[in-house]
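Have a look at the structure below, then the notes.
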Amino acid sequence: MIGSVVGKLAGVGLGVVIAGTLIGFYIANWLLSGPPTYQPPANSAGAHITIQTVAAVGPQLSPNKDWVSYLIRKSGKWQRSTIWTVPANSLVHVTVYQFDGASGLRNAFLSHTQGLVGTAAIDGKPFAQIKPDDASHTFAIPQLGVLVPLEGVADDAKNQCGYAPCDPKTMAHNTITFTFRTGKKGKYRWQCFVPCAAGFQFGFGGPMQTIGYMDGFINVV
Amino acid sequence: MATVDTTRGDGVPHGRRVILIWLVLSAITTPIAAFVIGPLIPPGNDSVQAMGQVFDNQVLIAFTMPITSFVLVVLGYSLIVFRQRDAAAQGVPIRGHSGIQVWWLVVTTTIVLGLAAFGTYELVKDGAGGGQGPSATFLPAHHNQAMDVQVIGQQWEFTYRYPTAGGIEVPHLYLPANTLIRLHVTSLDVIHSFWAVNLGVKADANPGTDNVAYVETRHPTKINIRCAELCGLWHGYMFDERGHVVSQPAFAAWIKQQQQIYGPVSKVLPPYATTYSPEPPLRAG
Numbered sequence: 009m010i011g012s013v014v015g016k017l018a019g020v021g022l023g024v025v026i027a028g029t030l031i032g033f034y035i036a037n038w039l040l041s042g043p044p045t046y047q048p049p050a051n052s053a054g055a056h057i058t059i060q061t062v063a064a065v066g067p068q069l070s071p072n073k074d075w076v077s078y079l080i081r082k083s084g085k086w087q088r089s090t091i092w093t094v095p096a097n098s099l100v101h102v103t104v105y106q107f108d109g110a111s112g113l114r115n116a117f118l119s120h121t122q123g124l125v126g127t128a129a130i131d132g133k134p135f136a137q138i139k140p141d142d143a144s145h146t147f148a149i150p151q152l153g154v155l156v157p158l159e160g161v162a163d164d165a166k167n168q169c170g171y172a173p174c175d176p177k178t179m180a181h182n183t184i185t186f187t188f189r190t191g192k193k194g195k196y197r198w199q200c201f202v203p204c205a206a207g208f209q210f211g212f213g214g215p216m217q218t219i220g221y222m223d224g225f226i227n228v229v
Numbered sequence: 201m202a203t204v205d206t207t208r209g210d211g212v213p214h215g216r217r218v219i220l221i222w223l224v225l226s227a228i229t230t231p232i233a234a235f236v237i238g239p240l241i242p243p244g245n246d247s248v249q250a251m252g253q254v255f256d257n258q259v260l261i262a263f264t265m266p267i268t269s270f271v272l273v274v275l276g277y278s279l280i281v282f283r284q285r286d287a288a289a290q291g292v293p294i295r296g297h298s299g300i301q302v303w304w305l306v307v308t309t310t311i312v313l314g315l316a317a318f319g320t321y322e323l324v325k326d327g328a329g330g331g332q333g334p335s336a337t338f339l340p341a342h343h344n345q346a347m348d349v350q351v352i353g354q355q356w357e358f359t360y361r362y363p364t365a366g367g368i369e370v371p372h373l374y375l376p377a378n379t380l381i382r383l384h385v386t387s388l389d390v391i392h393s394f395w396a397v398n399l400g401v402k403a404d405a406n407p408g409t410d411n412v413a414y415v416e417t418r419h420p421t422k423i424n425i426r427c428a429e430l431c432g433l434w435h436g437y438m439f440d441e442r443g444h445v446v447s448q449p450a451f452a453a454w455i456k457q458q459q460q461i462y463g464p465v466s467k468v469l470p471p472y473a474t475t476y477s478p479e480p481p482l483r484a485g
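Chain order of the listed sequences is A and B. Oh and the first sequence: position 4 is 12 in this note's numbering, straight run, nothing missing. Oh and the second sequence: position 77 is 277 in this note's numbering, straight run, nothing missing.
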């Protein structure tokens, strides 16, 4: 009788341990999984980041092929990485190839650049503000006070990109350049403020709520 | 009149001992809690509302000391004195005592109702820094002279509009010192909660709703702002520690500077309103 009870208790205990271990592995895998970290090249003039925004990330780069996304150029290839490591108290020079069309900002205030070193430029022309309805995305690091609205390509533009990666040499896009200063060491999130997640309620689901598409981190080291 | 035998049959006045120990312990812990620990509990003294919350905490924590002390003294005394050392012995039979039961009900009911009345009074006397919806009921004195500032929540940051300064919008909250502020809290998307921690303000930011909260600033200080409503991926990063309460001349200078910086973008903002229904409302594919 007692042996039977002990055996049952041992069985239950073993089951709890196995279940707990499996749950622990699952949570650890979930916590540790994510897009790869990228450290862009840097010299005395600062770090250089080249990114593109695409309306659909495509099957090559994500199981969610229709999700809008940022991509970064690494060793000449476009990759889906939104966690970048840059030096502290230094300049970061950013080039954005903006392939997506306009969605429009929910808050027009975010159509004005903030926190840049110098002036942003679109196709070589300086700008400080765009029409709120023309915004396709923003690149924003709120804790650093950095915000750049990215103007979308015209709806009637020829040769628009379907699935990423998109080729800046042949496909319709805007080229936006800007520079910001990193400041002190820390982990800063960056995000898009445009409700650009097509197919999701309020345009703020899916790729807007998943690190690796329209959101990421700047690790300042 | 029935009397309570607190000697437990052994001639020792256990009841008096317990009460004596409780009184001594309460006399020590209550002032410590009220005047040493209480003032250390946030939110501090950066606004009138924050100071009111600190006072509330002082009163409540002071109130808990005699109650907690009583429970612990009875428990400890029983464990030590009434522990039955003879495993085979029978315990003293426990019988009901209507007098003690009545006293217990009276005392606990009085405490609960008293705290409810105190809490209600503290909450309603000036709104206590909480959001009161579109039509604030509990108004502070001189509320007609309050300065309006709008707080706009969006995924994932707060921005601020100043209707008395041409409706400009700015990324960080600045407030003049020694001024009563009427905050109009709203959202452009999901539900957020505007929490200015050290000012003692917490008000839900609901889309389509003007949630009014009053705060009276005191001295120049930083403002520690967080979102207190789970609102998506970057909820945990939806904080801002760049806001300030500044002197009134410094505030006037700051407003002029912001009008220069954000004047151009103010021209494309919708006219100031208590709520907004931005277009395009969504991109649902």
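Idealized CB from N, CA, C, for every residue including glycine. From a predicted model like this one, the values you see are computed outputs, not experimental measurements.
Residue i versus residue j - alpha carbon distance
i              : j              : result
L22 (chain A)  : V76 (chain A)  : 45 angstroms
M438 (chain B) : I391 (chain B) : 13 angstroms
Q253 (chain B) : A428 (chain B) : 18 angstroms
A202 (chain B) : M265 (chain B) : With a pLDDT of only 45 at A202 (chain B), under 50, the local geometry of the prediction cannot be trusted, and the value read off the model is given with reservation. Answer to the nearest angstrom: the Cα atoms are 30 angstroms apart.
G485 (chain B) : P150 (chain A) : For G485 (chain B), the predicted structure reports a pLDDT of 43, less than 50, and the residue's modelled location is therefore unreliable. The matter cannot be settled from this model.
S477 (chain B) : Y105 (chain A) : 31 angstroms
A53 (chain A)  : G160 (chain A) : 29 angstroms
I59 (chain A)  : L240 (chain B) : 48 angstroms
G211 (chain A) : D108 (chain A) : 15 angstroms
Y276 (chain B) : L220 (chain B) : Reading off the sequence, residue 276 (chain B) comes out as Gly, not Tyr. Approximately 14 angstroms between the Cα atoms of the pair.
I130 (chain A) : H384 (chain B) : 36 angstroms
V13 (chain A)  : V20 (chain A)  : 11 angstroms
W395 (chain B) : I219 (chain A) : 26 angstroms
Q258 (chain B) : G244 (chain B) : 12 angstroms
A341 (chain B) : L155 (chain A) : 40 angstroms
P176 (chain A) : L433 (chain B) : 31 angstroms
I226 (chain A) : F135 (chain A) : 24 angstroms
N424 (chain B) : L339 (chain B) : 24 angstroms
G194 (chain A) : S89 (chain A)  : 19 angstroms
Q350 (chain B) : T379 (chain B) : 15 angstroms
T421 (chain B) : D74 (chain A)  : 47 angstroms
T93 (chain A)  : S269 (chain B) : 54 angstroms
I232 (chain B) : S226 (chain B) : 10 angstroms
L5 (chain A)   : I184 (chain A) : The structure shown does not extend to residue 5 (chain A), since chain A spans only 9 to 229, so no value can be given for it.
L313 (chain B) : V412 (chain B) : 29 angstroms
V229 (chain A) : A96 (chain A)  : 5 angstroms
A180 (chain A) : Q354 (chain B) : 31 angstroms
F358 (chain B) : D389 (chain B) : 12 angstroms
L17 (chain A)  : A36 (chain A)  : 28 angstroms
Chain A within 7 angstroms of residue i, Cβ atoms only
i              : result
T475 (chain B) : no
L373 (chain B) : no
D404 (chain B) : no
E369 (chain B) : yes
L383 (chain B) : no
W454 (chain B) : no
G485 (chain B) : The predicted model places G485 (chain B) with a pLDDT of 43, which falls under 50 and marks its position as unreliable, so this point remains unresolved.
M201 (chain B) : Note on M201 (chain B): pLDDT 44, under 50, position unreliable in the model; the coordinate value appears next. No - not a single Cβ of chain A is within 7 angstroms of the one on M201 (chain B).
D410 (chain B) : no
L469 (chain B) : yes
T179 (chain B) : The requested residue 179 (chain B) does not occur in the structure, where chain B is confined to residues 201 to 485.
P464 (chain B) : yes
Residue i, buried or exposed, once every other Cβ within 10 Å from all chains shown has been counted against 16
i              : result
Y34 (chain A)  : exposed
N406 (chain B) : buried
R81 (chain A)  : buried
A162 (chain A) : exposed
I26 (chain A)  : exposed
W488 (chain B) : Only positions 201 to 485 of chain B appear in the structure, and residue 488 (chain B) is not among them; the question remains open.
V224 (chain B) : exposed
R197 (chain A) : buried
L79 (chain A)  : buried
CB contact below 7 angstroms: residue i versus chain B
i              : result
F135 (chain A) : no
F225 (chain A) : no
Q217 (chain A) : yes
H120 (chain A) : yes
A116 (chain A) : yes
P157 (chain A) : no
Please give me, in chain order, every unbroken run of the beta strand (DSSP E) with length at least 3 that falls completely inside the region 149-191 of chain A.
154-159 and 182-189
Runs of beta strand (DSSP E) lying entirely within the region 19-69 of chain A, each at least 3 residues, in chain order = 54-62
| message | Could you tell me which whole beta strand (DSSP E) segments of length 3 or greater appear in the region 287-367 of chain B? | response | List check, beta strand (DSSP E) in window: 347-354 and 357-362.
So within the region 408-440 of chain B, which uninterrupted beta strand (DSSP E) runs reach at least 3 residues, ignoring any that extend past its ends?
411-416 and 421-427
Is there contact here, the region 163-177 of chain A with the region 62-76 of chain A, by at least three beta-carbon pairs under 8 angstroms? Touching, yes, given that three or more Cβ pairs across the two stretches are closer than 8 angstroms.
Taking one C-beta from the region 110-123 of chain A and one from the region 190-206 of chain A each time, how about it: are there three or more such pairs within less than 8 angstroms? yes
For the region 284-297 of chain B and the region 362-372 of chain B, state whether three or more C-beta atom pairs, one from each stretch, are separated by less than 8 angstroms.
no
**OP:** Count the C-beta pairs between the region 39-53 of chain A and the region 136-149 of chain A that are closer than 8 angstroms, then say yes if the count reaches three, no if not.
**Re:** no
Does the contact criterion of 3 or more C-beta pairs under 8 angstroms hold for the region 120-130 of chain A versus the region 438-455 of chain B? no
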